[in-house]
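Just so you know, the sequence shown maps onto residues 1 to 658 in our numbering.
Heads up, the beta-carbon is just placed ideally off N, CA and C, and yes, glycines get one too.
Note that the structure is predicted; figures quoted are calculated from it, not measured.
Quick notes on the structure that follows.
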Amino acid sequence: MARARFTPLLAWAGAALVLGAVAAELSGWRFLRAPVERAATQSAGVPVQMQGRFRLHLIGRPRLEVEHLHIASDPRFGAPHLLDARGAAVVWRWGDVWRWRQGDRLRLQALRADALDARLVRTPDGRANWQIGARTPRAEATEAEPLGGLPRFGSLVIGEGTVDWQDPVADVDLQIALRAREGEAEDGAGAGTEARLNGRYRAMPLRLQARAGGTLPLLHDPDTARDAPWVPLRVEGTVGRARLLYDGQAAALLGTPRLQGALAFSGPSLAEVGRPLGLTLPQTPPFELRGRLSQDAGVWRLQAERAHIGSSRLAGDLRFFQRSQPRRLTGELTGSRLAFADLGPAIGAPAAAARPQTPPPAGRVLPQRRFDLPSLKAMDADVRVAIDRVDFGTDAMAPLRGLQTQVRLQAGVLRLDELRASVSGGRFQGMTQLDSTAEPAAWRATLDVAGVNLADWVKGLRRNGQGQGQGNADPYLTGVLQARLDLSGRGASTADILGSLDGPIDLRLRDGTVSHLVTEGLGLDLAQALGVFVRGDDPLPLRCARFDLVARDGVVEPRLAVLDNRDSTVRLGGRVNLRDESLALRVVTQPKDWTPLSLRTPVTVTGTLGRPQVGIEGRRLAGRLAGAIALGAVAGPAAAVIPLVDLGKPGEGDPCEP
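Right, here's the structure in full:
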């Protein structure tokens, strides 16, 4: 009997509890303000205050609405507070709260505020005032990731306010000011949100103004807010010394941005822009970029319709994976024209504007500027390159056509694979690699050249010294060039690598001609040179030409260097020392026919690459002249010519294939 009476009581009690919970839920659990403040303070480890209107909802989608929310900052960070918000609303999930209590990163579904003042501070030891309530230190606490350890938000929307972000670990000192203008009093043109960003982001000064067509979300967690609405956005200002204009739309501004729109970007060098962003980009002349920029789920995409770098005209479609470890760049780079002069700074040559301020050491011509090797370890890359025309920066050389290569950067090793191009009826093919992980950095290159018309490629070989206007003039040297290079070197600059160069260089010419006048001049054959000069230079068929060179520790010496025609055989000996840029070369010409008046003696080339000195071996010439004078004194003037007669020596065999 007692049990029967107790059952209705339990039912009534349960119903009363349910009705009470419903009533409390509808009223916003106002009586829980103090307990919630105490629980939040205990969990966060810093005082949390909730003032003014208070509404709490625990059923369905849990959320808190408070007129004034104040979260203090730990005194050791020297900030007046962490967060001070007016008209704030916080939305969460209970599962996320439980995981946070276990030491995971805090995740909130949404934080909205009509007005907000946030002071984000991280100390050099990696501790941040926004890392509240953590049970144990996390690896994020010492990462150089911007806002590493900040609670993740499905959505963070601010009407008006300021965000002061000081983070020496990520090298950030940034102030963000926000102002919203929305409501019935605002017309359509004036409504929206304005943001001003001033300060420094990863050593790069920022001065940006952003205007959104609505309330712009600052943060969105892509895992929970994939359907966040897009808001029209326009950003303009300066990034370092570069000028930026972005006109499009956004669903998030900080953290992991979601953007898509048109981009106009210009500045003094790509490297200055890429370094603070973790991008490995080369030193370049001033650039101007126009295209479309988008970012979603940590992937940036740049569709460059026009990329002018110096005199180069490029385009491309590139993707940068910001979240991958290491970061990665992929895509395709194309263009109608690439000038080697624009790549000069990337290989250590000073840019034109920098030459007066950075002169090379006295007498040196090889580029001395050190490569930025650490930047090669900042990310990986796999980019296909296809350029229609590559100019050498002079009319004396014909441009390369159809340059193609695959640029790969992995674990600090930069490779240009499948490198090929065509020029003057022939082709270039090879690869090159720079390994920044070696100590010192190791460089290697292989190159095959086949079927290149030398005179058509190197137009400076023509007598007029130009490639235009009088292009029909006979060149000093013609032929079809074949070459094979397999070289390696070490160092942190172009000069270092060439100063340690090792490997073979084999150059051959066939089916060509050589200037008759030059041939006689090299042999100091006065009589025949005078005759050629009077009747005109007639090209001599080139029997063969070969330069089989070997480099050892920066010293290049010929194993065989010969140029052979019907008139003479010219041989080159000596060395070129790339370590100190000194020259010690000797040219010996052996005639194949006789001449009545010859001062034939070896020609020398000494000095340096920057200041070569051409001379002759005076002792040998002096001996011939002394003999002529003595014979003339004894036997008469006619006999003085005898020591100057050169009978010549017909060639035997093939001097290019000993």
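Beta-carbon proximity of residue i to residue j, cut-off 9 Å
i             : j             : result
proline 504   : leucine 477   : no
valine 163    : alanine 118   : yes
aspartate 342 : alanine 271   : no
arginine 241  : glycine 267   : yes
valine 66     : glutamine 51  : yes
leucine 106   : proline 151   : yes
glycine 161   : leucine 116   : yes
glycine 331   : alanine 315   : no
leucine 263   : leucine 302   : yes
leucine 69    : glutamine 49  : yes
arginine 211  : valine 239    : no
tryptophan 98 : leucine 58    : no
arginine 415  : threonine 437 : no
alanine 492   : proline 558   : no
glutamine 109 : tryptophan 94 : no
leucine 413   : arginine 401  : Looking at the sequence shown, residue 413 is not leucine but valine. No, these two residues do not count as a Cβ contact at 9 Å.
leucine 583   : valine 605    : yes
glycine 261   : glycine 248   : yes
valine 121    : aspartate 171 : no
Option in the options with minimal Cα separation from residue i
i                 : options                           : result
proline 367       : Gly499, Val562, Asp96 and Pro205  : Gly499
arginine 408      : Trp29, Ala210 and Arg328          : Arg328
glycine 489       : Leu434, Asp456, Gln482 and Leu509 : Leu434
glycine 159       : Ile176, Asp388 and Leu501         : Ile176
arginine 566      : Arg179, Thr589 and Asp548         : Thr589
cysteine 544      : Val172, Arg508 and Val556         : Arg508
threonine 662     : Phe287, Phe340, Asp296 and Leu403 : Absent from the structure is residue 662, since the part of the chain shown begins at 1 and ends at 658.
alanine 483       : Asp496, Ala495, Val576 and Val452 : Val452
alanine 128       : Pro75, Leu609 and Leu245          : Pro75
aspartate 84      : Ile71, Trp94 and Gly95            : Ile71
phenylalanine 428 : Asp448, Ala441, Ser436 and Glu439 : Asp448
threonine 123     : Arg99, Thr193, Trp165 and Gln209  : Trp165
arginine 196      : Trp98, Trp92, Leu233 and Arg290   : Leu233
serine 312        : Phe340, Gly298 and Arg290         : Phe340
arginine 420      : Gly430, Arg510, Trp443 and Asp388 : Gly430
valine 90         : Trp100, Leu56 and Leu487          : Leu56
valine 556        : Pro168, Glu581 and Val157         : Glu581
tryptophan 300    : Leu259, Leu338 and Arg337         : Leu259
glutamine 325     : Asp296, Leu318 and Ala411         : Ala411
tryptophan 100    : Ser43, Val605, Ile59 and Tyr246   : Ser43
leucine 667       : Thr513, Ala551 and Thr606         : The structure shown has nothing for residue 667, since the chain only spans 1 to 658.
glycine 393       : Leu19, Leu338, Arg30 and Ser436   : Leu338
leucine 178       : Thr193, Asp171 and Asp167         : Thr193
arginine 370      : Ser269, Gln283 and Arg323         : Gln283
serine 424        : Lys459, Ser155 and Glu288         : Lys459
alanine 180       : Pro168, Ala170 and Val157         : Val157
threonine 446     : Ala492, Ala396 and Leu501         : Leu501
leucine 26        : Cys656, Leu560, Phe54 and Leu120  : Phe54
aspartate 511     : Ala455, Ala441, Asp553 and Arg93  : Ala455
aspartate 322     : Pro257, Leu244 and Arg306         : Checking the sequence shown, residue 322 turns out to be glutamine, not aspartate. Minimum Cα distance to glutamine 322 is reached at Pro257.
glycine 653       : Asp395, Gly60, Asp564 and Pro168  : Asp564
DSSP-derived helix/strand/coil call for residue i
i              : result
isoleucine 497 : helix
valine 641     : Because the pLDDT of valine 641 is 45, which lies under 50, any placement of that residue in the model is unreliable, and the number read from its coordinates should be weighed accordingly. Helix.
serine 568     : strand
leucine 485    : strand
valine 449     : strand
alanine 271    : helix
alanine 297    : coil
valine 22      : helix
aspartate 456  : helix
aspartate 125  : coil
leucine 17     : helix
proline 374    : helix
leucine 580    : A small fix is needed here, since residue 580 is aspartate in this sequence, not leucine. Correct three-state label for aspartate 580: coil.
aspartate 173  : strand
alanine 341    : helix
glutamine 613  : strand
valine 603     : strand
Proximity test, residue i beta-carbon vs the ligand GTP heavy atom, cut-off 8 Å
i              : result
isoleucine 309 : Among the components of this structure there are no ligands whatsoever, and the ligand GTP is therefore not found.
Below-9 Å beta-carbon distance, residue i vs any chain C residue
i           : result
alanine 307 : This model lacks chain C altogether; it includes just one protein chain.
Open item on the list: As an exercise, report each continuous beta strand (DSSP E) stretch of at least 3 residues that is fully enclosed by the segment 26-113, in chain order.
Closed with: 48-57, 63-71 and 83-91
Open item on the list: Which complete beta strand (DSSP E) runs does the segment 382-417 hold, if anything under 3 residues is left out?
Closed with: 400-410
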